[in-house]
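Student: Following this message is one structure expressed as structure tokens.
Residue numbers (the numbering used here), protein chains in the order written: chain A, 1 to 98; chain B, 99 to 777.
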């Protein structure tokens with residue numbers, strides 16, 4: 001999985017590419033842990049993300065909890081498959097998906 | 099709140115006795131008073147009559163008229179003095195002689211008049227000779243007339259009560275006669291009835307006192323008697339009855355507690371009731387215990403019976419040429435219906451369905467014997483006809499209870515789909531060709547097994563094409579009866595089958611069962627309900643089983659996904675479906691990698707098969723780790739907010755939601771989790 005971060009003041013855009021699964025989820029978790037310092041607006045760009053599993057959902061939940069305290073989090077360009085996973089698990093109820 | 103104590107028997111009876119005694123005493127007193135007064139009056143009347151007669155003898159009647167005119171003054175004076183003396187000596191308060199005017203007895207003339215006011219403390223004044231007076235009192239006039247007309251020897255006037263300040267007294271009048279015997283005057287004597295007055299009150303008081311004493315004595319005696327004869331035994335009986343009602347334990351028998359028949363009967367009845375009741379309780383306890391024991395045994399028997407036939411599905415998760423499902427719903431705890439299926443060898447699947455005559459424990463035992471005979475014999479080889487012939491012979495030899503069983507036994511040659519079967523009096527199987535509908539496959543039935551020695555059973559053949567389905571059932575299905583005694587029937591059975599014919603065997607049986615339940619409604623289940631359904635997929639797909647065994651570590655997820663994707667891509671699986679399957683595979687594999695072997699590393703095997711009808715991927719995971727059913731876990735709350743969300747449980751939940759027919763069994767030391775996804 002490829003993680004690309006673009007910092008713009010208090011805004012952080014993280015673009016993901018590939019599969020967010022059991023193997024890759026820890027990488028994203030580690031990356032976000034360092035990068036979220038001082039971020040008020042986190043934008044996750046899923047345009048090139050093909051796949052997400054429950055391990056990925058876990059990282060999103062942690063990120064959402066962090067951002068709820070220091071700002072806001074948005075997810076962008078979610079494909080149909082990932083959208084369905086969000087719907088089935090009820091994540092679409094609390095994630096901000098554009 | 100304490101209940102007000104109601105009066106007891108003793109109080110009530112004693113009160114009644116005392117009241118009746120008091121009434122009796124009052125009556126005795128009243129009667130006594132009347133008799134007493136009358137007897138005194140009689141005594142006074144007699145004695146005063148004699149006194150008056152004596153006084154009258156002192157008077158010379160021949161001169162009586164003359165005295166008033168002043169004749170014989172000397173004789174008059176002498177008589178008067180004698181009468182005065184008499185008056186004083188005889189304690190007479192008043193003595194007088196009068197001449198009454200006999201025309202209407204309304205007037206009289208006083209001749210003699212002696213008064214002794216000291217006798218009765220009176221204040222009469224003497225009448226002068228010749229004193230005239232009118233008599234207005236009718237009573238006196240009547241009595242005067244009686245004296246003159248001599249209709250009575252004497253007359254008496256009583257004053258028993260105090261009148262005008264005078265004490266009770268008696269006035270007796272006797273006639274004064276002349277020598278010719280004619281009445282010329284009347285002599286009256288008035289005497290006080292002192293004895294009457296003096297004795298009356300003491301008499302009444304003594305009667306009252308004695309009545310009270312008698313009341314008290316009889317009351318006390320009654321109380322004593324009632325206590326001894328009634329109350330103690332009744333109280334004892336009541337206490338015993340209350341104690342028994344509370345404790346339900348054996349107590350001292352009451353025995354002979356009274357000489358009175360009714361109380362003795364009551365006590366005897368209580369004794370008998372207690373001992374009967376205790377015997378009854380004891381019986382009931384042992385009957386209940388026995389019932390519980392039988393219930394426990396039945397429940398155990400039910401479990402044994404259930405486990406004597408395959409009841410874990412899918413039974414052959416690694417066999418993809420066929421799918422088989424069966425269900426049995428006994429009407430009682432244990433039933434006489436049964437099904438069975440097992441692999442005789444790699445290429446032969448035996449399927450049996452049977453229905454023993456009768457229900458309950460005898461049928462269940464017979465069923466077990468039949469099933470064991472049949473499966474043992476089947477494993478030895480031979481055609482279904484030969485097997486049934488053998489089973490029938492063996493059942494008949496030992497069948498003392500005249501039971502029998504209908505049997506359908508078929509052996510499927512998995513590689514070809516050929517079913518050879520024999521039928522011992524059982525219902526015809528229903529077959530559904532791939533593109534058709536379920537229809538009965540009718541053949542000649544043999545006689546029931548266990549009914550008659552020496553029967554030979556014929557073999558029949560039936561060719562299944564890939565995608566065909568075979569449905570076996572017992573008469574409990576078509577003969578299920580609703581509240582109005584209508585039977586479900588074969589037509590409804592076939593309708594229910596056809597309504598579900600595209601589905602998996604399990605769904606078909608559930609569908610039929612649902613239709614039967616809906617038809618029967620509230621009516622009690624009368625017969626066992628047993629069904630078996632085989633979906634023949636075909637042996638030529640056997641090559642589509644792909645298997646991969648890896649170490650169960652998260653690092654191998656990539657290898658597993660790659661393996662699955664390879665198979666799916668070859669089958670032309672759409673990308674979206676592939677992603678969904680990948681997700682399910684990841685979740686299950688990671689679960690095994692994380693939890694199955696704890697600290698150690700074990701193997702995980704994944705099987706994937708592509709079914710052609712319908713086009714579906716069947717995926718099975720096997721591991722030898724600790725038994726763990728991930729499907730048994732509660733689903734996560736997907737309505738919770740981000741803050742309330744728990745991490746975990748989402749993976750299995752996702753599998754359940756996105757895959758079909760997700761199943762878990764633990765068998766032969768392996769966790770087997772399987773699911774499928776239509777392509």
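By construction, the Cβ of each residue, glycine as well, lies at the ideal position given by its N, Cα and C atoms. From a predicted model like this one, the values you see are computed outputs, not experimental measurements.
With distances taken between CB atoms, is the gap from residue 490/B to residue 522/B smaller than 9 Å?
Tutor: yes
Student: What ranges does the beta strand (DSSP E) occupy inside the stretch 479–554 of chain B, keeping only unbroken runs of at least 3 residues that lie completely in it?
Tutor: 503–511, 516–522, 527–530 and 536–539
Student: Can you check which of these residues, 672/B, 678/B, 573/B and 441/B, is closest to residue 628/B by C-alpha distance?
Tutor: 573/B
Student: Assign residue 534/B to buried or exposed, taking buried as 16 or more other Cβ atoms, counted over all protein chains shown, within 10 Å of its Cβ.
Tutor: exposed
Student: Quick one: complete alpha helix (DSSP H) runs, 4+ long, within the stretch 681–762 of chain B?
Tutor: 748–756
Student: Buried or exposed, going by whether 16 or more other CB atoms sit within 10 Å of the CB of residue 496/B?
Tutor: exposed
Student: Check whether the stretch 664–675 of chain B touches the stretch 611–623 of chain B, taking contact to mean three or more Cβ pairs, one atom from each stretch, closer than 8 Å.
Tutor: Judged by Cβ distances under 8 Å, the stretch 664–675 of chain B makes no contact with the stretch 611–623 of chain B, as fewer than three pairs qualify.
Student: For a cutoff of 9 Å on Cβ pairs, would you count residue 160/A as touching chain B?
Tutor: The displayed coordinates of chain A run from 1 to 98. Any statement about residue 160/A would go beyond what the structure contains.
Student: Please confirm if the stretch 734–742 of chain B is in contact with the stretch 694–701 of chain B, defined as three or more CB-CB distances below 8 Å between the two stretches.
Tutor: no
Student: So residue 68/A contacts chain D; which residues on that side make the cut at Cβ distance below 8 Å?
Tutor: Annotation note: the requested chain D is absent from the structure, which comprises protein chains A and B.
Student: Jot down the residue ranges of each uninterrupted beta strand (DSSP E) in the stretch 559–629 of chain B, minimum 3 residues, whole runs only, in chain order.
Tutor: 567–571
Student: When the Cα atoms are used, what is the spatial distance from residue 431/B to residue 409/B?
Tutor: 16 Å
Student: Is it right to say residue 238/B is buried, meaning 16 or more other beta carbons lie within 10 angstroms of its own, or is it exposed?
Tutor: buried
Student: Using alpha carbons as the reference points, say which of 468/B, 446/B, 501/B and 455/B lies closest to residue 481/B.
Tutor: 446/B
Student: Which same chain residues, not among the five before or five after residue 685/B, have their C-beta less than 8 Å away from its C-beta?
Tutor: 749, 750, 752 and 753
Student: Quick one: which chain B residues come within Cβ less than 9 Å of residue 58/A?
Tutor: By Cβ distance, chain B contributes 745, 746 and 748.
Student: Are any of the Cβ atoms in chain B nearer than 9 Å to that of residue 94/A?
Tutor: So yes, residue 94/A belongs to the interface.
Student: Let me see if you follow: with CB-CB separation under 9 Å, is residue 90/A close to chain B or not?
Tutor: yes
Student: Buried or exposed for residue 624/B, please, with buried defined as at least 16 other CB atoms from any protein chain shown within 10 angstroms of its CB.
Tutor: exposed
Student: Could you tell me which of 333/B, 679/B and 658/B sits nearest to residue 108/B, measuring between CA atoms?
Tutor: For residue 108/B, the closest alpha carbon among the candidates 333/B, 679/B and 658/B is that of 333/B.
Student: Can you grab the Cα-Cα spacing for the pair residue 23/A / residue 723/B, in whole Å?
Tutor: Spanning the alpha carbons of residue 23/A and residue 723/B requires a straight line of approximately 22 Å.
Student: Checking contacts by CB at 9 Å: is residue 656/B closer than that to chain A?
Tutor: yes
Student: Which whole-angstrom value is the C-beta distance of residue 546/B and residue 539/B, which I expect to be below 8 Å?
Tutor: Contact flag wrong, Cβ pair sits at about 19 Å.
Student: Taking residue 652/B as the query, report the chain A residues whose CB atoms sit under 8 Å from its CB, ordered along the chain.
Tutor: 22 and 23
Student: Comparing alpha-carbon positions, which option in 467/B, 726/B, 568/B and 219/B lies nearest residue 420/B?
Tutor: Out of 467/B, 726/B, 568/B and 219/B, the CA that lies nearest to the CA of residue 420/B is found in 568/B.
Student: For residue 640/B, name the three-state secondary structure that DSSP assigns.
Tutor: Unreliable positioning characterises residue 640/B in this predicted model, as indicated by a pLDDT of 47, which lies under 50. The coordinate reading is nonetheless provided below. DSSP places residue 640/B in helix when its eight states are reduced to three.
Student: List, in order along the chain, the chain B residues whose C-beta lies closer than 7 Å to that of residue 65/A?
Tutor: Neighbours of residue 65/A on chain B, chain order: 740 and 741.
Student: Tell me whether residue 94/A sits in a helix, a strand or coil according to DSSP, three-state version.
Tutor: Residue 94/A falls in the coil class under three-state DSSP.
Student: Looking at C-alpha atoms only, which residue of 134/B, 145/B, 223/B and 203/B is the closest neighbour of residue 300/B?
Tutor: In this structure, 134/B is the residue among 134/B, 145/B, 223/B and 203/B with its C-alpha nearest to the C-alpha of residue 300/B.
Student: Report, in whole angstroms, the separation of the C-beta atoms of residue 163/B and residue 277/B, which I expect to be a contact under 8 Å.
Tutor: With 8 Å as the limit, residue 163/B and residue 277/B do not qualify as a contact, their Cβ atoms being about 13 Å apart.
Student: Counting only Cβ pairs nearer than 7 Å, list the residues of chain B close to residue 75/A.
Tutor: Those within 7 Å of residue 75/A in chain B number zero; the least Cβ separation is about 13 Å.
Student: Looking at the secondary structure, which residues open and close the beta strand (DSSP E) in which residue 437/B lies?
Tutor: The continuous beta strand (DSSP E) containing residue 437/B extends over residues 435–443.
Student: Ends of the alpha helix (DSSP H) at residue 477/B?
Tutor: 458–477
Student: I need the straight-line Cα distance from residue 349/B to residue 323/B, nearest angstrom please.
Tutor: 27 Å
Student: Under 7 Å Cβ to Cβ from residue 488/B, same chain only, skipping five residues before and after it: list those, please.
Tutor: 475
Student: Can at least three beta-carbon pairs, one atom from the stretch 290–299 of chain B and one from the stretch 66–84 of chain A, be found at a separation below 8 Å?
Tutor: no
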